[in-house]
Amino acid sequence: MWNPLSWVMEAAAIMAIALANGGGKPPDWQDFVGIITLLLINSTISFIEENNAGNAAAALMARLAPKAKVLRDGRWTEEEAAVLVPGDIVSIKLGDIIPADARLLDGDPLKIDQSALTGESLPATKGPGDGVYSGSTVKQGEIEAVVIATGVHTFFGKAAHLVDSTNQVGHFQQVLTAIGNFCICSIAVGMFIEIIVMYPIQHRAYRPGIDNLLVLLIGGIPIAMPTVLSVTMAIGSHRLSQQGAITKRMTAIEEMAGMDVLCSDKTGTLTLNKLSVDKNLIEVFEKGVTQDQVILMAARASRIENQDAIDTAIVGMLGDPKEARAGIQEIHFLPFNPTDKRTALTYIDSDGKMYRVSKGAPEQILNLAYNKSEIAQKVHIVIDKFAERGFRSLGVAYQDVPDGRKESPGSPWHFVALLPLFDPPRHDSAETIQRALNLGVNVKMITGTLPIGIP
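Positions -20 to -1, 1 to 435 (mature numbering (1 follows the signal peptide of the UniProt record, and there is no 0)) are the ones given, in order, by the sequence shown.
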């Protein structure tokens, strides 16, 4: 550790070997060897632990390093994301981690999971001309994009750089510095007084005076403290590593022990980052329609393959995903787009009749309804009620298509129901928060959820 305590120990070692001469006696090798041994133990433990942590972190980052399909010299090749430069053309498809900040070229809209950057569990829709950020995951679609920023110049890189560039000294380091400064000042005053008393007043010989000063210098500091602290933190770092936590800086262990406020994001940390639907809370507006029928309608308006997070949650409510297309003939599926903000399926049932079902943003679905003016107030009340509990709302509607043509506008739309979408908490979130509160740590949640949805 690089702190005043180590400086005093180094000064004592220099005095023992360089100044403790004369009077027919050799240098004070015993003190010199003892001090150097403690310093070496201290520095070796710190180096080994932090080096192991650095290697573990480097290995983890190497496994997570994304690759990219990039157009080079007229050919598509797979390259490490680290070698991309602004201006490269990359291909992005379902399941890819976006390797750099890029701007989308011509093509169909993408569904992007930006939860690692924004904490938003619902995927964002990005179309041609929109920017996408490094570290996001493609949930639906395929498109080409031009790289506009890489490395520390990306949105994610700038955020990481802000964290790395902080130079705030932790409480633990402040305590060590204060102890070291006190020892240095006390020893300096004591040595000054002793030099005045021993030489000008008592006229002692050089070597006995140096021996006394060395005793004062060594005895005035807690010489084993740095080593004891290094060993203690090394044990803590080892135990944390057994639980899957990598400690890159050992002093962080003691700084965490003195934590007063814990700020946590919500999505993926306190929650599972996996959308769910509570069937019992579905609010039905259409008479004669059950909650099970609402789920079936919503599932029919969902993709069976290449699903986004909402489709996965809706279809997952069925006993068998095949039920979403059972007994019907699919005529046309309207995928989600930023303009309509809904999906729709036109199909023919077993009786040969054509219907169209749609799900999407509540406002968009409400605008379709023939009786919008009559139900709008109640719909907004339910949306606010869901928001108070941290739920998002999904609207479902249907219409008849009497003339049997997929291009037909069909009969008036019926607003069927509102479904609550929520990201369920982890099973151990409540216990973890309670443990932190019991330890006197004030827990704060950082989230983009509406304030009305945070109790």
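Backbone N, C-alpha and C define an ideal beta-carbon position, used for all residues, glycine too.
I'd like to check one pair, Pro66 with Val127: are the Cβ atoms closer than 7 Å? In this structure, Pro66 lies closer than 7 Å to Val127 by Cβ.
DSSP three-state assignment for Tyr335, whether helix, strand or coil: strand
How big is the Cα-Cα spacing for Ser391 and Tyr378? 9 Å
Taking C-alpha atoms, which residue in Ser388, Ser373, Val359, Ile284 lies nearest to Tyr335? Ser388
Which one of Phe136, Trp56, Lys246, Val241 has the shortest CA to CA distance from Ala416? Val241
Where the alpha helix (DSSP H) containing Lys365 begins and where it ends: For Lys365, the enclosing alpha helix (DSSP H) covers residues 352 to 368.
Pull up the CB-CB distance for Glu124 and Val70, whole angstroms please, since I reckon it's below 8 Å. 7 Å
Are the CB atoms of Ile78 and Val112 within a distance shorter than 7 Å? yes
Jot down the residue ranges of each uninterrupted alpha helix (DSSP H) in the segment 183 to 239, minimum 4 residues, whole runs only, in chain order. 186 to 199, 205 to 222, 231 to 237
Where Asp81 sits in the DSSP three-state scheme: In the structure shown, Asp81 falls within a strand segment according to DSSP collapsed to helix, strand and coil.
Whole angstroms are fine: how far does the CA of Glu174 sit from the CA of Gly189? 9 Å
Length of the line joining the Cα atoms of Pro405 and Gly384: 45 Å
Under three-state DSSP, which class holds Asn422? strand
Would DSSP call Pro435 helix, strand or coil? Any reading at Pro435 must be qualified, since the residue scores a pLDDT of 46, below 50, and its modelled position is unreliable; the value itself is stated next. If DSSP states are grouped into helix, strand and coil, Pro435 belongs with coil.
What does a CB cutoff of less than 6 Å around Thr117 pick up in its chain, not counting 5 residues either side in sequence? Sequence-distant partners of Thr117 (beyond 5 residues in either direction) whose C-beta falls short of 6 Å from its own C-beta, in its chain, are Ile77, Asp93.
What do you reckon, are the CB atoms on Leu346 and Val337 nearer than 7 Å? Against a cut-off of 7 Å, the Cβ pair of Val337 and Leu346 comes out as no contact.
If we count the other Cβ atoms within 10 Å of its Cβ and call it buried at 16 or more, is Glu372 buried or exposed? Reading the sequence as shown, one finds Arg at residue 372 and not Glu. Looking at its Cβ environment, which holds 16 or more other Cβ atoms inside 10 Å, Arg372 is buried.
Looking only at its chain, what residues have a beta carbon closer than 8 Å to the beta carbon of Val274, apart from the 5 residues adjacent to it on each side? Ile262, Val264, Val376, Val396, Ala397, Leu399
With a threshold of 6 Å on Cβ separation, who are the neighbours of Arg184 within its own chain once the five nearest residues in sequence on each side are excluded? Met178
Is any beta-carbon of chain D found at less than 7 Å from that of Gly299? Among the protein chains of the structure shown there is no chain D, as only one such chain exists.
Beta-carbon proximity of Val342 to Ile363, cut-off 7 Å: In the sequence as presented, Val is not what sits at residue 342; that position holds Pro. Taking 7 Å as the Cβ cut-off, Pro342 and Ile363 qualify as a contacting pair.
Quick check: what's the CA-CA separation for Pro435 versus Gly370? Any reading at Pro435 needs caution, since the residue's pLDDT is 46, under 50, leaving its predicted position unreliable; the model's value is listed next. Straight-line Cα distance between these residues: approximately 9 Å.
Hey, out of Ala214, Pro89, Gln154, whose CA is closest to Lys119's CA? Pro89
Three-way DSSP call (helix, strand, coil) for Pro301 in this model: In this structure, Pro301 counts as helix in the three-state DSSP scheme.
Leu325 - containing beta strand (DSSP E), residue span: 322 to 328
Report buried or exposed for Asp11, applying the criterion of at least 16 other Cβ atoms within 10 angstroms of its Cβ. buried
Hey, could you find the ends of the alpha helix (DSSP H) Ser(-15) is sitting in? -17 to -7
Could you tell me which of Ala168, His394, Ile201, Leu325 sits nearest to Ser353, measuring between CA atoms? His394
Give every residue of the same chain whose Cβ lies closer than 6 Å to the Cβ of Val(-9), excluding the five residues on either side of it in the sequence, and list them in chain order. In the sequence under discussion, the amino acid at residue -9 is Ala, which differs from the Val named in the question. Once the five neighbours on either side are set aside, the close Cβ partners of Ala(-9) are Ile15, Leu197, Ile198.
Assign Lys302 to one of two classes, buried (16 or more other C-beta atoms within 10 Å of its C-beta) or exposed (fewer than that). exposed
DSSP on Tyr179, reduced to helix/strand/coil? helix
Measure how close the beta-carbons of Ile25 and Ala214 come, nearest whole angstrom, since I'm counting them as under 8 Å. 5 Å
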